[in-house]
Amino acid sequence: MDVLTENFSLYGKGFLGTVELTVYSSILALVLGFLMASCRVAPVGSLRVLGTVWVTVLRNTPLTLLFFAVLLGLPRFGLVLPFKVFAVLALGCYTSAFICEVLRSGINTVPTGQGEAARSLGMTFGQTLNTVVLPQAFRSVIPPVGSTLIALAKNSAIAGAFSVTELLGTYKTLNELGYSIIWTFVWIAVGYLIITLSISALFNVMEKRWGVAR
Amino acid sequence: MTTRTAPSATALYDIPGPATRKRHRLYGIFSTALILALVGWVVYLLFDTEQFTSAKWTPFEYKGIQELLLRGLGNTLKAFAYAAVLSLLLGAVLAVGRLSEHRVVRWIATVLVEFFRAMPVLVMIFFIFVALKVQPLPALVTGLTLYNGSVLAEVFRTGIISVERGQSEAAYALGLRKTQVTTFVLAPQAVRAMLPTIISQLVVALKDTSLGYLITYEEFLHAGKLIASNLDYDLPFIPVVMVISPIYIGMCMLLSWFATWVAKRERRNPKMKAVEIAPAEPGTLLPGVQ
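What follows is the structure, encoded as structure tokens:
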């Protein structure tokens, strides 16, 4: 217990670091994932190829390798940004591939008849998309997007090993200060549980409110 | 590639007519040009920052460097093999525990599975490595085993409980005991149905062996880092990434394609007719999905 109370600010900083990483990367992943999903369902062949390559490559890349390449590789091109931004980029791009697949299968769950009915009523493409297809797809993707974002929060621990301030990284300082290492890790674990449980609670609420009635 | 249109109507589009096809072709040419320009820009950047100089690429011709990389790859595969076998075993044990008739056993197994699935795998690996002061390889393997074993336990359990009820009822009626029913009737059908998901989970394990790099286990990425930080070779960082990532990604892709292939084969298999299980699909490959 002492470990937490005496180093509350250190833990707080790490906790906020993880939350920040999670939030920013989630936004990037959702935006990029949406773009890539639109590419994958586009009627234009080259865009579909782009989306497929993006998803296949990123899904099969170890995240550590991606971090390694982005954090240590991009500076070689003269692109020097804070490590945190690089970490958000790596995490966001990696997760976007999974978000893309979730969104695409969400769109695929909308029956073809829905779109056909909308079009035969004379709706334009934009209207069909915004008022018929996407609202239905949105309802069915809430739970899988939630678990993808939980995984993102857990994966953000890797950033700590690349000297970005976040929760797991706090163990180093505490270890040097001579605190009980077991308790240090217990509180780190509690921190992660708080984050993942809040994400899952948030998505449970969303699912209750907008989810598909089964 | 650019002119191929969607094969049939979807919720989003009708089957395109001649005018639409022409328009799509135009979009196709435009976007292809854009993508090619992007690729060209990246290649230009690579040349511009002198990533293809001989100083940076000759090291890969040295025998020592090649051996270093191969040893790293061997260590990665070794960690993967241990982690795969052990997590399959742990998964089986935990699944049996969760399906047990004894409440205490069931309860313990449930707590273990839920806890290890909820923890970031890296936190577990660091805990074992730092707090328990274990060597890198056992620490990595243990962390991966605990996490993937718990996920696999859930996969096995879902597989077993979704085997049609008549199968176990028939087996019980023939006088088999619970152990016999599980091992001879339920488990074979469950494993066959869940094989794609199991293989996908192994892809996650293979990807996560790269976490060993963070605890100084001498695996593939670690070998790459050693070469990349060598001043004598002019810090060949980008070349190292260009050599390592295709191999890593290729290994994972092969394994995930295998999962898809198995899934496709299962769907055509007449033996699967009796098993009323949601057509097994390869999993998401995302570590940490619950």
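Protein chains in written order, with this note's numbering: chain S, 5 to 218; chain E, 114 to 403. We put the CB at the ideal spot given by N, CA and C, even for glycine. These numbers come from a predicted model, not from an experiment.
Cross-chain neighbours of residue i in chain E, by beta carbon under 7 Å
i: residue 131 of chain S; result: Per Cβ cutoff of 7 Å: no residues; residue 131 of chain S is ~12 Å from chain E at best.
i: residue 108 of chain S; result: Ordered by position in chain E, no residue passes the 7 Å Cβ test against residue 108 of chain S, which lies about 11 Å from the chain.
i: residue 77 of chain S; result: 350, 351 and 354
i: residue 208 of chain S; result: None at all; the shortest Cβ gap to chain E is about 13 Å.
Listed by chain order, chain S residues near residue i by CB distance under 7 Å
i: residue 141 of chain E; result: 48, 49 and 50
i: residue 196 of chain E; result: Within chain S, no residue comes near residue 196 of chain E; the closest Cβ sits about 13 Å away, beyond 7 Å.
i: residue 191 of chain E; result: Simply none; closest approach about 16 Å.
i: residue 137 of chain E; result: 47 and 48
i: residue 334 of chain E; result: 68, 69 and 72
Helix, strand or coil at residue i [DSSP, three-state]
i: residue 115 of chain E; result: Per-residue confidence for residue 115 of chain E stands at a pLDDT of 42, beneath the threshold of 50, marking its modelled position as unreliable; no derived number is given.
i: residue 207 of chain S; result: helix
i: residue 82 of chain S; result: coil
i: residue 134 of chain E; result: helix
i: residue 182 of chain S; result: coil
i: residue 99 of chain S; result: helix
i: residue 135 of chain S; result: helix
i: residue 343 of chain E; result: coil
i: residue 218 of chain S; result: Interpretation of residue 218 of chain S is limited by its pLDDT of 49, a score under 50 that renders its predicted location unreliable; the figure taken from the coordinates is listed afterwards. Residue 218 of chain S: coil per DSSP, three-state reduction.
i: residue 125 of chain E; result: coil
i: residue 214 of chain E; result: coil
i: residue 174 of chain S; result: helix
i: residue 382 of chain E; result: coil
i: residue 177 of chain E; result: helix
i: residue 201 of chain S; result: helix
i: residue 201 of chain E; result: helix
i: residue 248 of chain E; result: coil
i: residue 319 of chain E; result: helix
i: residue 330 of chain E; result: coil
i: residue 275 of chain E; result: coil
i: residue 126 of chain S; result: coil
i: residue 50 of chain S; result: helix
i: residue 164 of chain E; result: coil
i: residue 389 of chain E; result: Confidence in residue 389 of chain E is poor, its pLDDT being 49 and thus under 50, which makes the residue's placement unreliable; the coordinate value appears in the next sentence. DSSP places residue 389 of chain E in coil when its eight states are reduced to three.
i: residue 21 of chain S; result: helix
i: residue 166 of chain S; result: coil
i: residue 145 of chain E; result: helix
Beta-carbon neighbours of residue i, restricted to chain S and to distances below 8 Å
i: residue 165 of chain E; result: Residues of chain S passing the Cβ test: none, with the nearest at roughly 13 Å.
i: residue 152 of chain E; result: Ordered by position in chain S, no residue passes the 8 Å Cβ test against residue 152 of chain E, which lies about 10 Å from the chain.
i: residue 148 of chain E; result: 50 and 54
i: residue 320 of chain E; result: 64, 65, 66 and 67
i: residue 358 of chain E; result: 65, 69 and 73
Per-residue contacts from residue i into chain E (C-beta, under 8 Å)
i: residue 82 of chain S; result: 162
i: residue 162 of chain S; result: 235, 324 and 327
i: residue 45 of chain S; result: 123 and 125
i: residue 11 of chain S; result: Here the premise fails: no neighbours, minimum Cβ distance about 17 Å.
i: residue 17 of chain S; result: Under the 8 Å cutoff, chain E gives no residues; its nearest Cβ is about 17 Å from residue 17 of chain S.
Closer than 9 Å at the beta carbon, the chain E residues around residue i
i: residue 165 of chain S; result: 235, 239, 324, 326, 327 and 328
i: residue 34 of chain S; result: The premise fails here: residue 34 of chain S is roughly 15 Å from chain E at the closest Cβ pair, so nothing lies under 9 Å.
i: residue 242 of chain S; result: With chain S covering only 5 through 218, there is no way to say anything about residue 242 of chain S.
i: residue 26 of chain S; result: Result: empty, since nearest Cβ-Cβ is about 12 Å, beyond 9 Å.
Contact belief for residue i with residue j at Cβ below 8 Å, rounded distance in angstroms
i: residue 192 of chain S; j: residue 206 of chain S; result: Not quite, the Cβ-Cβ distance comes to about 22 Å (not below 8 Å), so this is no contact.
i: residue 188 of chain S; j: residue 7 of chain S; result: 6 Å
i: residue 136 of chain S; j: residue 122 of chain S; result: 4 Å
i: residue 202 of chain S; j: residue 99 of chain S; result: Incorrect: roughly 18 Å between the Cβ atoms, too far for contact.
i: residue 440 of chain E; j: residue 307 of chain E; result: With chain E represented from 114 up to 403, any question about residue 440 of chain E goes unanswered, as that position is not in the structure.
i: residue 101 of chain S; j: residue 52 of chain S; result: At roughly 15 Å, the Cβ-Cβ gap does not stay under 8 Å, so residue 101 of chain S and residue 52 of chain S are not in contact.
i: residue 225 of chain E; j: residue 263 of chain E; result: 7 Å
i: residue 41 of chain S; j: residue 107 of chain S; result: 4 Å
i: residue 318 of chain E; j: residue 197 of chain E; result: 6 Å
i: residue 210 of chain E; j: residue 237 of chain E; result: That pair is no contact at about 19 Å.
Residue-chain proximity (residue i, chain C), Cβ-Cβ < 8 Å
i: residue 129 of chain E; result: Protein chains in the displayed structure are S and E, and chain C is not among them.
Cross-chain neighbours of residue i in chain S, by beta carbon under 9 Å
i: residue 258 of chain E; result: Within 9 Å Cβ-Cβ: nothing; residue 258 of chain E doesn't reach chain S, min ~17 Å.
i: residue 168 of chain E; result: What residue 168 of chain E touches in chain S: nothing, since even the nearest Cβ is about 14 Å away.
i: residue 361 of chain E; result: 64, 65, 66 and 69
- Task: Give the residues from the segment 170 to 187 of chain E that approach chain S closer than 9 Å (Cβ to any Cβ), ordered along the chain.
- Result: none
- Query: What residues in the segment 52 to 72 of chain S have a beta carbon less than 8 Å from any beta carbon of chain E?
  - Reply: 53, 54, 60, 61, 63, 64, 65, 66, 67, 68, 69 and 72
- Item | Positions along the segment 165 to 181 of chain S whose CB lies within less than 8 Å of some CB in chain E | Under the 8 Å Cβ criterion, the segment 165 to 181 of chain S contributes 165, 172, 175 and 179.
- Task: Note down, in chain order, all residues in the segment 345 to 356 of chain E with a beta-carbon under 7 Å from any beta-carbon belonging to chain S.
- Result: Flagged, chain order: 350, 351 and 354.
- Query: Just by C-beta distance, which residues in the segment 183 to 203 of chain S are closer than 7 Å to chain E?
  - Reply: 185, 186, 189, 192, 193, 196, 197 and 200
- Which residues, in chain order, does the segment 115 to 145 of chain S contribute to contact with chain E at a C-beta distance below 9 Å? Listed in chain order, the positions of the segment 115 to 145 of chain S with a beta carbon within less than 9 Å of a beta carbon of chain E are 115, 116, 117, 118, 119, 120, 122, 123, 129, 132, 133, 136, 137, 140 and 141.
- Message: Closer than 8 Å between beta carbons: that is the criterion. Which residues of the segment 212 to 230 of chain E meet it against chain S?
- Response: Listed by position, the residues of the segment 212 to 230 of chain E near chain S (Cβ gap below 8 Å) amount to none.
- Interfacial residues, the segment 267 to 282 of chain E to chain S, with Cβ spacing under 9 Å: Within the segment 267 to 282 of chain E, not one residue has a Cβ closer than 9 Å to any Cβ of chain S.
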